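Numbering (this note's numbering), first residue to last: 1052 to 1761.
Contents: one structure, followed by commentary.
Written out as structure tokens, the structure reads:
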């Protein structure tokens, strides 16, 4: 056993002893910050619109897992009354007719949170219905390649400060992929289903179908299947993606055991053009769409099996009067299991040597195949629920130990004198393998977030494997409780970690490197102010030894310390029938030797909502505006599977306008959208979010969603 284990065990027994000696539950609301999650307005306001986080009435029986386990053959212990409050936001649509309150849903984090977080509900509003692209689930402020289904890049600086192996697939493909941590575990009274279909110019199609059902009083299941099929408006920009998940949610009758399980399959298939060969010729005649890569294609495959389950330990004893029982809490034991297989494939059977700048490892092989196998197990103990005997512990804490085992296979040179064909006369592919075993020890702590002043913190260290001696820590301080109209949240996060694996070791047919970079160090100080009218957030990052891809698409490490500042603002205002939404991010870095971002990026929406035919049809009509300042936009390298610097072309300011109409009739919602309205202006210049993948001038979209509640 590792030499650092004793401190974890010692801390465990000290905390456990204090808990048993001190042992009225505490509750909070979902609009408060999760204690160990980076939920900033820069990233989350568009992901989960404020009006989707509340309902006018919250049934008490829908609040999950904050009660003591039921005592067999006896009455459940009396619980304090719960006061449900609403976040300080604008009122929900008065004319919303769909029964959203029938379909609560929870994330895994909510279901295992020590406080009584309220559920969220199926989105039946019209506000974001026309944002049909699955990528918008990660926000609206991103750069894209001119077609849905492709990689995209956030236009604001937001590093991932969590521990563990990072492949950046979720950062690149965003909402096109399912992952267990983001799944919605619906708990309908009976059945809830939804079909969603979109068609657009250039044969664009998008489909999503989901079904959720209550199989038993304590058992729910659900699945969702979504497809993107879009050839694109220009040469070699097609996308065919598909994703599927199946989930199960079980809670025992006595509430001592719960299991959350899922099976996930993700597939992404993109044409890779390498961008326009001559963008100046294209701007003179947009029929001149010659590209750098004529037959290249990238594929991403992902399969995972996940199980999260816990058991509540403890026992009941008779009270002094004998007519009631008291629960003696011994804490909750969690076990998380995950198996995941990920593959990146790149195929180019007509390679252009000048484009890649590297000689090919094998002139015959045209397919690169990188595979990653991961198995993870996590065991944790927490003092959940906080009630034991006749008292309540003042804060919740959790101790955990996580083991990760993963193997990474990449293409390799054919050994001298080795066979190139097997017995069946098939090509033999040689690969290099890197295997790692990592142990993560950690602790989490948080106080009652309902109080005017609340706090929390976390710390972990990784031992062994690629991330040996990585350290992650952080804390938060919240001022203003759940009933306050004004809240101030302050957070400090520290990470000392290895560079992403493929920045250190990459071996594919067209490009390869092997580096030994020093550990990256990131310190983030953030503050967020929430008011009834506007939400403000500021972030300061102190970055040391950052790794990025230079102009040659090769990884380099910045040996100097640099600072990065972001300031975000979000408002969602209603003036009678007129609505106005604004989301603005200002950012500035202290060095040019790092990734580029625009200094200002914003989204604005102005819309009117009204009813027709005695409100049988609800309508929203409006305009969306997207703007960011010009900058040296990052270029895309399909071989390295990453964005890299380019300083040859300064991209012009982006200003795009969409016009939309959303409507709702009974259980159906539909939208009409004309995208990039300014493209109708004669001789207007093409815009490039990513050089040089042009954004289509104007495109028509139509979509319909139908919900079933029977």
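Just so you know, even glycine gets a beta-carbon here, dropped at the ideal spot from N, CA and C.
All figures in this text were calculated on a predicted structure; none of them were measured in a lab.
Can you tell me which of the options puts its alpha carbon nearest to the alpha carbon of residue i?
i	options	result
residue 1628	1662, 1724, 1218	1662
residue 1340	1267, 1283, 1237	1283
residue 1518	1482, 1463, 1455, 1244	1455
residue 1480	1449, 1496, 1559	1559
residue 1429	1464, 1422, 1387	1387
residue 1676	1643, 1289, 1176, 1711	1711
residue 1269	1295, 1308, 1291	1308
residue 1498	1521, 1267, 1530, 1491	1530
residue 1722	1158, 1184, 1160	1184
residue 1645	1670, 1760, 1595, 1619	1595
Would you kindly work out how many angstroms separate the C-alpha atoms of residue i and residue j, rounded to a whole number?
i	j	result
residue 1581	residue 1277	35 Å
residue 1303	residue 1311	12 Å
residue 1324	residue 1392	27 Å
residue 1543	residue 1577	7 Å
residue 1144	residue 1249	Any reading at residue 1144 must be qualified, since the residue scores a pLDDT of 42, below 50, and its modelled position is unreliable; no value is offered.
residue 1588	residue 1552	31 Å
residue 1110	residue 1156	Residue placement at residue 1110 is flagged as unreliable, the pLDDT there being 35, under the threshold of 50; a coordinate-derived value is accordingly withheld.
residue 1749	residue 1400	33 Å
residue 1678	residue 1571	32 Å
residue 1538	residue 1356	39 Å
residue 1171	residue 1569	42 Å
residue 1169	residue 1533	12 Å
residue 1527	residue 1338	55 Å
residue 1650	residue 1189	20 Å
residue 1192	residue 1221	16 Å
residue 1117	residue 1512	Its pLDDT being 38, under 50, residue 1117 is placed unreliably by the model, and nothing is read from it.
residue 1197	residue 1485	36 Å
residue 1246	residue 1363	38 Å
residue 1139	residue 1717	For residue 1139, the predicted model reports a pLDDT of 29, less than 50, meaning its position is unreliable and no value from the coordinates is stated.
residue 1563	residue 1419	12 Å
residue 1704	residue 1204	17 Å
residue 1681	residue 1699	13 Å
residue 1209	residue 1194	14 Å
residue 1652	residue 1685	15 Å
residue 1265	residue 1301	10 Å
residue 1636	residue 1475	59 Å
residue 1689	residue 1292	17 Å
residue 1687	residue 1742	8 Å
residue 1496	residue 1667	50 Å
Where does the unbroken alpha helix (DSSP H) through residue i begin, and where does it stop?
i	result
residue 1224	1220-1224
residue 1332	1330-1335
residue 1274	No alpha helix (DSSP H) contains residue 1274, which is instead part of the beta strand (DSSP E) from 1270-1281.
residue 1553	1552-1555
residue 1161	1159-1162
List the whole-angstrom C-beta distance separating residue i from residue j, where the pair is believed to meet the contact cut-off of C-beta under 8 Å.
i	j	result
residue 1287	residue 1202	The Cβ separation is near 14 Å, so there is no contact.
residue 1239	residue 1316	Rounded, the Cβ-Cβ distance is 24 Å, inconsistent with contact.
residue 1523	residue 1546	5 Å
residue 1207	residue 1610	With a Cβ gap of about 25 Å, residue 1207 and residue 1610 do not count as contacting.
residue 1640	residue 1613	6 Å
residue 1536	residue 1583	5 Å
residue 1349	residue 1321	5 Å
residue 1487	residue 1451	Not really, about 19 Å apart at Cβ, beyond 8 Å.
Sort out for me which residues DSSP pairs residue i with in a bridge.
i	result
residue 1671	1660, 1713
residue 1456	1426, 1488
residue 1619	1588, 1636
residue 1693	1688
residue 1724	1711, 1752
residue 1501	In DSSP, residue 1501 forms no bridge with anything.
residue 1229	Beta-bridge pairing links residue 1229 to no other residue.
residue 1365	1380
residue 1261	1245, 1275
Identify the continuous beta strand (DSSP E) that holds residue i and give its terminal residues.
i	result
residue 1528	1522-1530
residue 1321	1308-1323
residue 1572	1571-1581
residue 1588	1586-1595
residue 1543	1538-1548
residue 1477	Run containing residue 1477: none; DSSP gives neither H nor E here.
residue 1631	1629-1640
residue 1245	1242-1251
residue 1643	Neither: residue 1643 is in no beta strand (DSSP E) and is coded neither H nor E.
residue 1217	Here residue 1217 belongs to no beta strand (DSSP E), and DSSP marks it neither H nor E.
residue 1284	First-last for residue 1284: undefined, no H or E at that position.
residue 1175	Unbroken run through residue 1175: none, as it is neither H nor E.
residue 1396	1376-1398
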